[in-house]
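This note's numbering numbers the first residue of the sequence shown as 93 and each following residue consecutively.
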Amino acid sequence: MAIPLPRLRTLLGASLAAVSLSVTGFGVATAADDPVETRVIGGERASIEDHPYTVYLTTPSGIQFCGGALVAPDKVATAAHCVEDDSPSSVAVVAGREDKQGTAGEVVGVTDIWVHPDYVTVTSGDDIAVLTLETDLSYATVEFAAAADDAVYAEGNPATILGWGVTETGSSSRYLLQAEAPLTSDATCAAGYGISYDSASMICAGYPEGGIDACQGDSGGPLVVDGVLVGLTSFGRGCAEAGYPGVYTRVGAYAADLEARIAS
Ligand code: ARG
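Take a look at the structure:
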């Protein structure tokens, strides 16, 4: 029983703290409940130099609402649900910046938004979009999983989640955070989400007991195995709940789409 989450833009319109309790029904332990997890859902600070392809999306006024991955100098892969209703002029991409309050890196405009033509809602898959940037960026791009690459999707592969989304505090993170969690088997993910999990278009990561996960605001951002982009943060039931690993767009299933966008 996955709960499709509203677009983060909508979430940010309201109080994040209130929304995290009412809309997403956060099952995450609070800092008071669990003094061990003081940051994100089990995460820690990440260096943008180590993950230079990690970007975030902002509104024209500079509010971060999703993540993304630089797959070519002028192409950012992100989640369809992040940008499905947006016009290019309503989105900017921030690259090379770890601290949302800093000025490092670059802010670039978007000239085109391609949303997967079959995208309807996160739980039906195809949660992928590609932004074309108005200028080429010089940050290193990330290699993405190939269509035939089943090895990177093996159960237990350690995967790194990256983003500026909501932490245990109920607010989104000022700094880029990373967390590591194993990819789950299809059976494990389906045990939680039932028919909302589609193994052809999704991949899950998390521990059976929860505790480490992406959360609101991380959507569209990278899930990386061995330096290869395998997922884009898509949805989850709450965040870091036992039995409900994070669900990511299975990038390898869309390798041909990405190649086509990059060639366009
Ligand atoms: N849909 C959320 C977003 O727009 C991402 C939620 C991810 N949730 C999770 N438990 N992994 O930011």
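Note that the Cβ used here is the ideal one computed from N, Cα and C, for glycine as well.
Query, Result
"Could you tell me which whole beta strand (DSSP E) segments of length 3 or greater appear in the segment 214-256?", "221-225, 250-255"
"Cutting at 8 angstroms between CB atoms, please list the residues of its own chain near A282, excluding the five before and the five after it.", "Y289, S291"
"Between the alpha carbons of E176 and G217, how many angstroms are there, rounded?", "14 angstroms"
"On the three-state DSSP scale, how would you describe V120?", "With a pLDDT of 37 at V120, under the threshold of 50, the predicted position of this residue should be treated as unreliable, though the coordinate-derived value follows. It is coil, neither helix nor strand."
"Taking the C-alpha atoms as reference points, what is the distance between A352 and L149?", "22 angstroms"
"Could you please give me the residues that DSSP links to T146 through a beta bridge?", "A161"
"Leaving out the 5 sequence neighbours to the left and right, which residues in its chain are closer than 8 angstroms to A106 when beta-carbon positions are compared?", "With a pLDDT of only 29 at A106, under 50, the local geometry of the prediction cannot be trusted, and the value read off the model is given with reservation. The answer is none, since no qualifying residue turns up."
"Report whether the distance from the Cβ of F236 to the nearest heavy atom of the ligand ARG is below 7 angstroms.", "no"
"With a 10 Å radius around its C-beta and 16 neighbouring C-beta atoms as the bar for buried, classify R342 as buried or exposed.", "buried"
"State yes or no: is the C-beta of D310 within less than 8 angstroms of the C-beta of G255?", "yes"
"Is the separation between the beta-carbon of K197 and that of V185 shorter than 8 angstroms?", "A small fix is needed here, since residue 197 is Gly in this sequence, not Lys. No, they are not a contact pair."
"What do you get for Q193, buried or exposed, if any count of 16 or more other CB atoms within 10 angstroms of its CB means buried?", "exposed"
"Whole beta strand (DSSP E) runs in the segment 170-196 with 3 or more residues, listed along the chain?", "184-187"
"Here's the rule I'm using: 16 or more other beta-carbon atoms within 10 Å means buried, otherwise exposed. How should A243 be labelled?", "exposed"
"With a threshold of 16 other CB atoms inside 10 Å of the CB of A332, please say whether the residue is buried or exposed.", "buried"
"Pairs of beta-carbons, one from the segment 139-146 and one from the segment 295-306, closer than 8 angstroms: are there three or more?", "no"
"Considering only the alpha carbon of each residue, which of G335, T276, V222, V199 lies closest to I155?", "V199"
"May I ask you to report which of helix, strand or coil DSSP gives Y267?", "strand"
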